[in-house]
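To get the working numbering, take the position in the sequence shown, counting from 1, and add 3. Heads up, the beta-carbon is just placed ideally off N, CA and C, and yes, glycines get one too.
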Amino acid sequence: MDGLIQQVAILQGCIQQAEIDRQKLAERLEQNEALARVRKDPDDTLDGIRKTLQVAEATEREIPYGKLVDIKLAVRSLPVSAADYWKTVAEIINYESFLNQTRNHAPNPAKVSKPCLSYTNGNGSDVSIRNNSLVGGTLLNCVVDLDTHSYENVVFQDSVVRYHGGPVSLRNVLFLNCAFRVEIAADAPPVSPERDKLLLALIEPIDQRRVRVSNQN
Numbered sequence: 004m005d006g007l008i009q010q011v012a013i014l015q016g017c018i019q020q021a022e023i024d025r026q027k028l029a030e031r032l033e034q035n036e037a038l039a040r041v042r043k044d045p046d047d048t049l050d051g052i053r054k055t056l057q058v059a060e061a062t063e064r065e066i067p068y069g070k071l072v073d074i075k076l077a078v079r080s081l082p083v084s085a086a087d088y089w090k091t092v093a094e095i096i097n098y099e100s101f102l103n104q105t106r107n108h109a110p111n112p113a114k115v116s117k118p119c120l121s122y123t124n125g126n127g128s129d130v131s132i133r134n135n136s137l138v139g140g141t142l143l144n145c146v147v148d149l150d151t152h153s154y155e156n157v158v159f160q161d162s163v164v165r166y167h168g169g170p171v172s173l174r175n176v177l178f179l180n181c182a183f184r185v186e187i188a189a190d191a192p193p194v195s196p197e198r199d200k201l202l203l204a205l206i207e208p209i210d211q212r213r214v215r216v217s218n219q220n
C-alpha cells in the first residue's frame, strides 16, 4: 500500500509538471501568434508601433482591444535589447492608460489627483525630493513619482503615477485605477531588474486598472 501511495504521488507530480509545461508552451505560442499578427501590419517595427500609439493618442483614436493585446504580446516576445524597446513599452503603458480613462471605466485620476507631500517631485523630472520610503498605507488621489523612492505594502488608488525610468523599489504594491505617465529618456540609467519588472507588469495582457507588483529587489 505504501508503495502504491508513493507511485500515485510521483504520478501526480508528473501530471502537475506536464500542466506547467503545457501552460508555458501555450503562452509561447500565443506570443508567437500575436507577433505574427502584428507583423502583418505595415507598422512592423518597434518604431512603427510607437508612432502608431502616439498618433492614436494625439487624435483620440481607439485601437481595437484585440490589436492592443496583440501589440503587447508581440513586444513582450521581442528581445529587450532591441533599439528603443523600453520607449515602446512606455508608449504602450501611456496609451492604454489614456484609453481606459477616455472610456470612462472609472473616475479619471488626472481630474482628482493632486501633489502629495514628499511623493511628488515637482513636475516629475525634478529630483530634489529623493529617496523617500513608505511602508504600508494607501495613497489616494495623489500625483506620485516613483523615481528614487521605495514603497512596500502600499496601495496607489485613483492616482497619477509618473515614472522616468530611474531607481525604484516596489514590494507588494497594488495600483488601482491609476493613470500612468512613463517617459524613458535616451540618457536614462542602465536597465535594472526593478525597472524591467515594473514596466513589464504594466503591459501584461490584463486590465491595467488593477496591477500588482509582487516583489522588487
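Next item on the list: Spell out a yes or no on whether the stretch 54-71 and the stretch 198-206 are touching, meaning 3 or more CB-CB pairs, one atom from each, closer than 8 Å.
Entry: Touching, no.
Next item on the list: Below 6 Å CB to CB, which residues in the same chain sit around I187 once its five sequence neighbours on both sides are set aside?
Entry: If you ignore the 5 residues before and after I187, its C-beta comes within less than 6 Å of the C-beta of W89, K90, A93 and G168, all in its own chain and listed in chain order.
Notebook entry, point to check: On the three-state DSSP scale, how would you describe A182?
Noted result: Secondary structure of A182 (DSSP, three-state): strand.
Next item on the list: Spell out the partners DSSP gives K117 in its beta bridges.
Entry: Looking at the DSSP assignment, K117 forms a beta bridge with C145.
Note to self: Under 8 Å, Cβ to Cβ, is there at least one residue of chain C near I74?
What the structure shows: The structure shown contains no chain C; it is built from a single protein chain.
Notebook entry, point to check: Nearest-angstrom Cα distance between V185 and R165?
Noted result: When only Cα atoms are considered, V185 and R165 end up about 6 Å apart.
Notebook entry, point to check: Which of helix, strand or coil does DSSP assign to E155?
Noted result: Residue state, collapsed to three classes: strand.
Next item on the list: Could you check which residue in T123, I74 and T151 has the C-alpha nearest to that of I52?
Entry: Selection T123, I74 and T151 evaluated against I52 yields I74 as nearest (Cα-Cα).
Item checked: Host alpha helix (DSSP H) of R53 (start-end) -> Per DSSP, R53 belongs to the alpha helix (DSSP H) from L49 to A61.
Check: By DSSP, does G169 sit in helix, in strand, or in coil?
Finding: Of the three classes helix, strand and coil, the one that applies to G169 here is coil, per DSSP.
Check: Which of helix, strand or coil does DSSP assign to R174?
Finding: R174: strand per DSSP, three-state reduction.
Check: At what residues does the beta strand (DSSP E) containing V216 begin and finish?
Finding: Residues R213 to V216.
Next item on the list: Using DSSP bridges, identify the partner residues of L137.
Entry: Y154.
Next item on the list: Pull up the CB-CB distance for N124 and F183, whole angstroms please, since I reckon it's below 8 Å.
Entry: About 16 Å separates the Cβ atoms of N124 and F183, ruling out a contact at the 8 Å cut-off.
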